[in-house]
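Peer 1: To start, I am sharing the structure in question, which I have written as structure tokens.
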Amino acid sequence: MSWPSYPRYNDSGVEWLGRVPSGWAVSPLKNVATVFPSSVDKHSHDNEIPVQLCNYTDVYKNERISGALDFMKATATPEEIKKFTLKQGDTIITKDSETADDIGISAYVEETLPDVLCGYHLSVVRPLPGLDGRFVKRLFDSHYLKASMEVSANGLTRVGLGQYAIDNLNIPLPPPDEQLQIADFLEAETAKIDALIAKQEHLIATLREDRTATITHAVTKGLDPTVDMVQPHNSELPACPKHWTLLISLKRLAEVQTGLTLGKSVDPAEAVDVPYLRVANVQTSGVNLDEVKTVAVHRSELKRYLLRDGDVLMTEGGDIDKLGRGCVWSGEIAPCIHQNHVFAVRCSDALSGDFLVYLLDTAVARNYFFMTAKKTTNLASTNSTTLGAFTFSLPPRAEQDEIVDHLNERCAGLDALIAKANAVITVLREYRAALITDAVTGKIDVRGAVA
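Per the UniProt record's numbering, the very first residue in the sequence shown carries number 1; after that it's consecutive.
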């Protein structure tokens, strides 16, 4: 569906914003809202007052903040409670992250939450009279403001927005009644788009369940239904073919190489600039090389962190559903190293790296890493010792290769369907973001679009 333009426009005076409808203003954010970064960390202290904390992941994963969320427990001073308690109409934004495109992620506070405070790494944007909080949230969702924030961000290993940069973001400012109409319109239209996205996500979840079941059966029971099976003694592992090696740990079959810790100072005379892989590069679908950063490493340490063709890359932490999954490094960049949040598992001849990747995608592995993970709110982590202790039943190497070939064929069709659904989601999200941008910048006139 298309919407009309406004009858008349004026130059906004802001290059990236262009023209805005007649009757709209353009203002630095500080003139229409109070912006303050939080200083409340996640630690608890005996001499402070118990509170709940709305933290980075709460904002990153939710468009709206309400009392229905499960907040982290922490403590704060009376001054912090007075300043950072969440109020209805607030918009909370991420002010720093590992990448510039994760800055300015926003969530709207639907209700006043007397015992919930804004946490560290976040800023509160509290509208002054004449500015609607829901409109503010949609401004931060727009391409225009995201581009403005990316340009203003600074930093190396972690990028962020300073107070001055946030305060001086130039925002389009419709009259108050139009702000409400735009917010109502976007609430209705994004709900429709989100429903379509949810259907595709449900389809993907179903396909992934089918994929996991297919992999689990092949990797734990083999391909021949006529072989004799045996139940591993004193183990929750499923029955497996009798001729397999029972209950063998990963550390007996592979070396777990830990990565480089960033931030160390290196003598320039002894430094070598080398590409390195970080968590963002390691995806369940394979290695993502769209953005590969470099780091200065001492010559004497380079060999210690080098990746080899065939290494299985695994992340140390992240979302609980992704923890413990892996992908094979095929030597696309040489030399290349990895940071400490990425493990390189170097398999012996007895274990196929491709088989290990499939093994890590089974229900058995998912349960192991879930049960052994160190968990915080929405996130989890593991370590090299826990990874090395992962125990499973192992088929002979030739049989591993047969299973890999079988699964490559079976999973190809499922992966194609998943990719198609993801492509639909990408298009819907792009349309959603474009619609929000056009509405809040006045490129389309949605007055009266919502009854």
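Where is the CB? At the ideal position from N, CA and C, for every residue including glycine.
Only a predicted model underlies this, so the values are computations on that prediction, with no experimental measurement involved.
Per DSSP, what kind of secondary structure is residue 257 in: helix, strand or coil?
Peer 2: Here DSSP, grouped into helix, strand and coil, assigns residue 257 to strand.
Peer 1: Any contact between the segment 61-71 and the segment 102-109? By contact I mean 3 or more CB pairs, one from each, below 8 angstroms.
Peer 2: yes
Peer 1: Is it buried or exposed, residue 389, if we count other Cβ atoms within 10 angstroms and call 16 or more buried?
Peer 2: exposed
Peer 1: Along the chain, where does the beta strand (DSSP E) that runs through residue 118 open and close?
Peer 2: 113-118
Peer 1: Can you tell me which of 376, 382 and 359 puts its alpha carbon nearest to the alpha carbon of residue 369?
Peer 2: 382
Peer 1: Going by the beta-carbon positions, is the gap between residue 446 and residue 439 smaller than 8 angstroms?
Peer 2: yes
Peer 1: Relative to the alpha-carbon of residue 282, which residue among 324, 274, 255 and 243 has its alpha-carbon at the smallest distance?
Peer 2: 324
Peer 1: Give me the Cβ distance between residue 392 and residue 359, rounded to the nearest whole Å; I'm assuming they're in contact under 8 angstroms.
Peer 2: 6 angstroms
Peer 1: Assuming residue 87 and residue 138 make a contact with CB atoms under 8 angstroms, what is their CB distance in whole Å?
Peer 2: So it is not a contact: roughly 19 angstroms between Cβ atoms.
Peer 1: Straight-line CA distance for residue 296 to residue 272?
Peer 2: 5 angstroms
Peer 1: In three-state DSSP terms, what is residue 20?
Peer 2: Assigned with DSSP and collapsed to three states, residue 20 falls in strand.
Peer 1: What's the call for residue 76, buried or exposed, on a 16-neighbour Cβ count within 10 Å?
Peer 2: Buried, because 16 or more other Cβ atoms sit within 10 Å of the Cβ of residue 76.
Peer 1: Could you spell out where the alpha helix (DSSP H) holding residue 368 opens and where it closes?
Peer 2: Per DSSP, residue 368 is one residue of the alpha helix (DSSP H) stretching across 363-372.
Peer 1: Out of 178, 205, 71 and 189, which has the shortest C-alpha to C-alpha gap to residue 321?
Peer 2: 205
Peer 1: Return the CA-CA distance between residue 148 and residue 33, expressed in angstroms with no decimal places.
Peer 2: 17 angstroms
Peer 1: Can you list, in chain order, the stretches of the alpha helix (DSSP H) that have 4 or more residues and sit fully within the segment 8-78?
Peer 2: 56-61
Peer 1: So what does DSSP say about residue 284, is it helix, strand or coil?
Peer 2: DSSP places residue 284 in the coil class of the three-state scheme, outside both helix and strand.
Peer 1: State whether the segment 169-178 contacts the segment 199-218, with contact taken as three or more CB pairs (one from each stretch) at a distance under 8 angstroms.
Peer 2: By the C-beta criterion, the segment 169-178 is judged not to be in contact with the segment 199-218, since fewer than 3 inter-stretch pairs fall below 8 angstroms.
Peer 1: Going by DSSP, what residue range makes up the alpha helix (DSSP H) through residue 135?
Peer 2: 133-141
Peer 1: Roughly how many whole angstroms lie between the Cα atoms of residue 416 and residue 200?
Peer 2: 14 angstroms
Peer 1: Alpha carbon to alpha carbon, how far is residue 197 from residue 341?
Peer 2: 31 angstroms
Peer 1: Where does residue 299 fall in DSSP's three states?
Peer 2: helix
Peer 1: Return the Cβ separation of residue 345 and residue 311 in integer angstroms, given the expectation that the two are a contact with Cβ distance under 8 angstroms.
Peer 2: 7 angstroms
Peer 1: If you measure between the beta carbons of residue 51 and residue 117, is that distance less than 8 angstroms?
Peer 2: yes
Peer 1: Following the continuous alpha helix (DSSP H) through residue 176, name the residue where it begins and the one where it ends.
Peer 2: 176-221
Peer 1: DSSP puts residue 343 in a beta bridge; with which residues?
Peer 2: 314
Peer 1: Are the beta-carbon atoms of residue 121 and residue 90 separated by less than 8 angstroms?
Peer 2: No, they are not a contact pair.
Peer 1: What residues in its chain sit with their C-beta under 8 angstroms from that of residue 248, if we drop five residues either side in the sequence?
Peer 2: 391, 392, 393 and 394
Peer 1: Starting from the N-terminal side, write out each stretch of the beta strand (DSSP E) that is 3 residues or longer and does not extend beyond the segment 349-435.
Peer 2: 374-376, 379-381 and 391-394
Peer 1: Report yes if the CB atom of residue 210 is closer than 8 angstroms to the CB atom of residue 28, and no otherwise.
Peer 2: no
Peer 1: Excluding sequence positions up to five away, which residues of its chain have a Cβ less than 6 angstroms from the Cβ of residue 185?
Peer 2: 446, 449 and 450
Peer 1: Hey, quick one: how far does the alpha helix (DSSP H) through residue 171 stretch, first residue to last?
Peer 2: Residue 171: not part of any alpha helix (DSSP H); member of the beta strand (DSSP E) spanning 170-173, first to last residue.
Peer 1: Here's the rule: buried if 16 or more other CB atoms are within 10 angstroms of the residue's CB, otherwise exposed. What is residue 55?
Peer 2: buried
Peer 1: Quick one: using the 10 Å Cβ neighbour count with 16 as the cut-off for buried, is residue 222 buried or exposed?
Peer 2: buried
Peer 1: Would you please state the rounded distance, in angstroms, between the beta carbons of residue 460 and residue 26? I believe it to be under 8 angstroms.
Peer 2: An answer regarding residue 460 cannot be provided, because it is not within the stretch 1 to 451 covered by the chain.
Peer 1: Is residue 333 helix, strand or coil when you go by DSSP?
Peer 2: coil
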